[in-house]
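Before any comments, here is the structure.
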């Protein structure tokens, strides 16, 4: 990513710098120690590496008594098992560097405990620039691109996580870089970009296992985009797939060696996460309808702040009030714009004749087939109807919302579900690479969301209550979704000034959330 | 976008932003809370039952548990109770939290619908400061007023804490409210925090509305 800073407008560089200042200020002056989700475990992992103890092993690795006692407001606590050792080490290796270096200059524990937070802050600031670079691939008005790229920096949860020791923001950065090369490849068909995308997917997979879910559909999309001679296609498909899974495979082999299960996590360890003797038998629809799962994923994406900083167990606050309404309005607008554009393209393809309806996979090999074209029309219609049915199901099954913003979240998800279903056949029949990027973003995101939902459902059956309803789990697909939204936005020719005003509202909402909700929560948390 | 239009936007934003900040901070900077004692031994916790009309629980304050309080001696007293609303159920009516200091009683009435689930709720008494309270015979009283059954909130209790409670028939109980006692205070760094975050937001807004700022070098 040598070109991240080159030819960037001054305004996005300054916005990125302002984000870094905000995140660092939060990290060192506002966010209490251990008030980032799982921060005790993340820091213990980082310290293990800085101490030269190697990659910690789940089940053996401990969070030191000093960290545990500090997180218990000074009351003496014994060391605890570190469940965070379930994660691959890429982020922790990077975060160990400032800690190791700083030890030569200071012995002050309070400073050293906070130092690895620098990495998340810088990752967040870089993410803004990378997202701007992604949008630069498309024909988007500069003001819109700047506003949309910086919008992620006005999500309280993103700023909160960027102010703490955790891998989620760095994961976002790595997935954004992978997305940058992905859209470059779809647009320009330069094979180097496909390999670079695969390499960054591998690095993301070495940061958090959540990214593994992204690897499969993204690699399939890359392979699908290949053109040229069949043997070369197979050769590069193998090369790209092997590159993308290389680092995750190393981690799986390690898990196999120690635990006999390549996908072993803390959830598999009854000592760390107690499970029911008999798993529940509830259906997936029961799970989705009985608990506000979907709306909470979105709500927690916007803001679920705090953790153990108060010293009396875990305490968190959901960001609510008008900031959450502004955010919910923003995502409804975004998903509506996507849905309108996907529907428009579906309808125009329905009535199209000629090369516009030739499947791209065939167009690449210069084969034209009229009968496939006609069948394609039924596929569009079927996909639109399927999208309407799925969206209707989301609306009816998840109707148990508890607030206005909750209902708005469900509506936005329903629109996204509709767009993803309707977009699937368009991938095969659209020759415009920018449009295909939009469709890939939607379909890959839908796949990712379904897998994560199903995983949390499995955990629910095992432990007996909804667990892991965290919006940050969706960070790997956010750059893709932003791309899809921006392409749709540019097609509808919505003014950049209007987009910027919307993002200004998000900035003001975040300010209100910090001043009137989050900081008072920190100040009052010493109970 | 033309430079003139961008400048107009920026000026409009600055004016609107000043109004926004003024409205945000009309009630002053949000206050912090500094505890001086707590009973939060909540390893075994259970609900007190619905706080309906007739519910009464008096929680004695044991001063042996008090921590350093001199620095907040002149600040208003706050009581923080761990309350629950039965899984975000819509509740109705009001309840009362009183602070009884010797013979004097300070009362706060609260709507049940305002209580969030499993969250510590603060009740601050403007008419009494910490130094007027400490080491005096005092208790916290939680009373139901008019919430109907099935639409009332509850409080979490714990057992085995170094504090005890009794009901209106003075039946002593081993159970204790999960609570803390503290003071409302203004953190010293609150002004600086506000200035820094407001400045970052204002600059971000200007850059968003005036993205061609570098075109005027």
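Chains as they are written, first to last, in the numbering used here: chain A, 1 to 527; chain B, 1001 to 1217. Think of the CB as a built atom: it goes at the ideal place given N, C-alpha and C, for glycine as much as any other residue.
TODO: Identify which residue in A/345, A/342 and A/299 has its Cα closest to the Cα of residue 326 of chain A.
DONE: Locating residue 326 of chain A in the first chain gives position 326, where the first residue counts as 1. Of the candidates A/345, A/342 and A/299, A/299 places its Cα closest to the Cα of residue 326 of chain A.
- [ ] Output the distance between the C-alpha atoms of residue 433 of chain A and residue 100 of chain A, rounded to the nearest integer angstrom.
- [x] Here residue 433 of chain A corresponds to residue number 433 of the first chain, with the count starting at 1. Here residue 100 of chain A corresponds to residue number 100 of the first chain, with the count starting at 1. Each residue's alpha carbon lies about 46 Å from the other.
- [ ] Helix, strand or coil for residue 1086 of chain B, going by three-state DSSP, please let me know.
- [x] Position 86 of the second chain holds residue 1086 of chain B. Three-state DSSP puts residue 1086 of chain B in coil, outside helix and strand.
Open item on the list: Rounding to the nearest angstrom, what Cα-Cα distance links residue 520 of chain A and residue 314 of chain A in this structure?
Closed with: As a working mapping, residue 520 of chain A is identified with position 520 in the first chain. As a working mapping, residue 314 of chain A is identified with position 314 in the first chain. Between residue 520 of chain A and residue 314 of chain A, the C-alpha separation is close to 17 Å.
Task: Neighbour-count burial assignment, residue 271 of chain A, 16 or more Cβ in a 10 Å radius - done: Residue 271 of chain A sits at position 271 when you count from the first residue of the first chain. Per the 10 Å Cβ criterion, exposed.
TODO: Would you verify that the beta carbon of residue 1150 of chain B is, or is not, closer than 9 Å to some beta carbon of chain A?
DONE: If you number the second chain from 1, residue 1150 of chain B lands on position 150. No, because no Cβ of chain A sits closer than 9 Å to the Cβ of residue 1150 of chain B.
TODO: Look at residue 68 of chain A and residue 85 of chain A and say whether their C-beta atoms are less than 9 Å apart.
DONE: Here residue 68 of chain A refers to the residue found at position 68 of the first chain. Here residue 85 of chain A refers to the residue found at position 85 of the first chain. Cβ atoms of residue 68 of chain A and residue 85 of chain A: not closer than 9 Å.
Task: Expected contact under 8 Å - CB spacing of residue 346 of chain A and residue 380 of chain A to nearest Å - done: As a working note, residue 346 of chain A is residue 346 in the first chain. As a working note, residue 380 of chain A is residue 380 in the first chain. That pair is a contact at about 5 Å.
- [ ] Determine the contact status of residue 185 of chain A and residue 225 of chain A, defining contact as a CB-CB distance below 9 Å.
- [x] Within the first chain, the letter at position 185 stands for residue 185 of chain A. Within the first chain, the letter at position 225 stands for residue 225 of chain A. Contact flag set, yes.
Open item on the list: Cutting at 6 Å between CB atoms, please list the residues of its own chain near residue 264 of chain A, excluding the five before and the five after it.
Closed with: Here residue 264 of chain A refers to the residue found at position 264 of the first chain. 255, listed in sequence order.
Task: Simplified DSSP state of residue 409 of chain A, which is helix, strand or coil - done: Position 409 of the first chain, counted from the first residue, corresponds to residue 409 of chain A. Residue 409 of chain A falls in the helix class under three-state DSSP.
Task: Among A/51, A/151 and A/36, the one whose alpha carbon lies nearest that of residue 18 of chain A - done: One-based indexing of the first chain puts residue 18 of chain A at position 18. With distances taken between Cα atoms, residue 18 of chain A lies closest to A/151.
TODO: Check whether the Cβ atoms of residue 291 of chain A and residue 165 of chain A sit closer than 9 Å, and answer yes or no.
DONE: Position 291 of the first chain, counted from the first residue, corresponds to residue 291 of chain A. Position 165 of the first chain, counted from the first residue, corresponds to residue 165 of chain A. No, these two residues do not count as a Cβ contact at 9 Å.
Open item on the list: Using only CA atoms, which one of A/15, A/189, A/7 and A/57 lies nearest to residue 266 of chain A?
Closed with: Taking the first chain and counting its residues from 1, the one referred to as residue 266 of chain A is at position 266. Residue A/57 is the option with its Cα nearest to residue 266 of chain A.
Task: Within chain B, partners of residue 163 of chain A - CB distance below 7 Å - done: Mapped onto the first chain, residue 163 of chain A falls at position 163. The contacting residues do not exist; residue 163 of chain A stays about 12 Å from chain B at best.
Task: Alpha-carbon to alpha-carbon, residue 409 of chain A and residue 148 of chain A - done: Sequence index remark: in the first chain, residue 148 of chain A carries index 148 (1-based). Sequence index remark: in the first chain, residue 409 of chain A carries index 409 (1-based). In a straight line, the C-alpha of residue 148 of chain A is about 20 Å away from that of residue 409 of chain A.
Task: CB of residue 1133 of chain B within 9 Å of CB of residue 1039 of chain B, strictly - done: Along the second chain, read from residue 1 onward, the residue named residue 1133 of chain B stands at position 133. Along the second chain, read from residue 1 onward, the residue named residue 1039 of chain B stands at position 39. Cβ distance not < 9 Å, so residue 1133 of chain B and residue 1039 of chain B don't count as in contact.
- [ ] Go through the segment 156-186 of chain A residue by residue and report every complete run of the alpha helix (DSSP H) that reaches 4 residues or more, in order.
- [x] 156-162
- [ ] Look up residue 110 of chain A in the DSSP assignment and say whether it is helix, strand or coil.
- [x] Against the first chain, residue 110 of chain A aligns to sequence position 110. In the structure shown, residue 110 of chain A sits in a helix (DSSP, three-state: H, G or I).
TODO: Measure the CB-CB distance between residue 425 of chain A and residue 448 of chain A and report whether it falls below 9 Å.
DONE: By one-based count along the first chain, residue 425 of chain A stands at place 425. By one-based count along the first chain, residue 448 of chain A stands at place 448. Cβ atoms of residue 425 of chain A and residue 448 of chain A: not closer than 9 Å.
Task: Contacts around residue 336 of chain A, its chain only, beta-carbon distance under 7 Å, and the 5 residues preceding and following it disregarded - done: Within the first chain, numbered from 1, the residue matching residue 336 of chain A stands at position 336. Same-chain partners within the cutoff: 415.
Task: Bridge-paired residues (DSSP) for residue 1175 of chain B - done: Counting from one through the second chain, the residue named residue 1175 of chain B turns up at place 175. In the DSSP output, where bridge partners are listed per residue, residue 1175 of chain B has B/1159.
Task: 7 Å Cβ shell around residue 180 of chain A - same chain, five flanking residues per side excluded - done: Along the first chain, one-based indexing puts residue 180 of chain A at 180. Contacts found: 130, 133 and 134.
Open item on the list: Less than 9 Å between the beta carbons of residue 1050 of chain B and residue 1159 of chain B, yes or no?
Closed with: In the second chain, the residue the question calls residue 1050 of chain B occupies position 50. In the second chain, the residue the question calls residue 1159 of chain B occupies position 159. Contact flag unset, no.
Open item on the list: Quick check on this structure: which residue in A/87, A/211 and A/406 has the alpha carbon closest to the alpha carbon of residue 324 of chain A?
Closed with: Here residue 324 of chain A refers to the residue found at position 324 of the first chain. If we check each option's Cα against that of residue 324 of chain A, A/406 comes out closest.
Task: residue 358 of chain A versus residue 431 of chain A: straight-line alpha-carbon distance, rounded - done: Here residue 358 of chain A refers to the residue found at position 358 of the first chain. Here residue 431 of chain A refers to the residue found at position 431 of the first chain. With a pLDDT of 48 at residue 358 of chain A, under the threshold of 50, the modelled position of this residue cannot be trusted; read the value that follows with caution. Between residue 358 of chain A and residue 431 of chain A, the C-alpha separation is close to 8 Å.
Task: Short CB-CB distance (under 9 Å) between residue 1063 of chain B and chain A - done: By 1-based counting over the second chain, the position of residue 1063 of chain B is 63. Judged by the 9 Å Cβ criterion, residue 1063 of chain B is not in contact with chain A.
- [ ] Name the residue from B/1083, B/1210 and B/1191 whose alpha carbon lies nearest to the alpha carbon of residue 1111 of chain B.
- [x] In the second chain, the residue the question calls residue 1111 of chain B occupies position 111. Ranking the options by Cα distance to residue 1111 of chain B, first place goes to B/1083.
Task: Members of the segment 502-517 of chain A near chain B, C-beta cut-off 8 Å - done: Of all residues in the segment 502-517 of chain A, only 503, 504, 507, 508, 510, 511, 512, 514, 515 and 516 come within less than 8 Å of chain B when Cβ atoms are compared, listed by chain position.
- [ ] Within the same chain, show all residues whose beta-carbon is closer than 6 Å to that of residue 1145 of chain B, passing over the 5 residues directly before and after it, in chain order.
- [x] Here residue 1145 of chain B is taken as the residue at index 145 of the second chain, counted from 1. Within the same chain, residue 1145 of chain B has close Cβ partners 1094, 1095 and 1096.
Task: Span separating the alpha-carbon of residue 126 of chain A from that of residue 1101 of chain B - done: Mapped onto the first chain, residue 126 of chain A falls at position 126. Mapped onto the second chain, residue 1101 of chain B falls at position 101. Their backbone Cα atoms lie some 56 Å apart in a straight line.
TODO: Just the C-alpha distance for residue 1186 of chain B and residue 498 of chain A, rounded to the nearest angstrom, thanks.
DONE: Taking the first residue of the second chain as position 1, residue 1186 of chain B is located at position 186. Taking the first residue of the first chain as position 1, residue 498 of chain A is located at position 498. Answer to the nearest angstrom: the Cα atoms are 39 Å apart.
- [ ] Take residue 248 of chain A as the anchor and find which of A/233, A/223, A/222 and A/211 has the nearest alpha-carbon.
- [x] Translated into positions along the first chain, residue 248 of chain A becomes position 248. Nearest of A/233, A/223, A/222 and A/211 to residue 248 of chain A, Cα basis: A/211.
Open item on the list: Tell me whether the segment 1125-1132 of chain B and the segment 1069-1082 of chain B touch, counting them as touching only if at least three CB pairs, one residue from each stretch, are closer than 8 Å.
Closed with: yes
- [ ] Note down, in chain order, every chain B residue with its Cβ under 9 Å from the Cβ of residue 29 of chain A.
- [x] Numbered from 1 along the first chain, position 29 holds the residue referred to as residue 29 of chain A. By Cβ distance, chain B contributes 1189, 1192, 1193 and 1196.
- [ ] Please say whether residue 484 of chain A and residue 439 of chain A have beta carbons closer to each other than 9 Å?
- [x] As a working mapping, residue 439 of chain A is identified with position 439 in the first chain. As a working mapping, residue 484 of chain A is identified with position 484 in the first chain. In contact: residue 439 of chain A and residue 484 of chain A (Cβ atoms closer than 9 Å).
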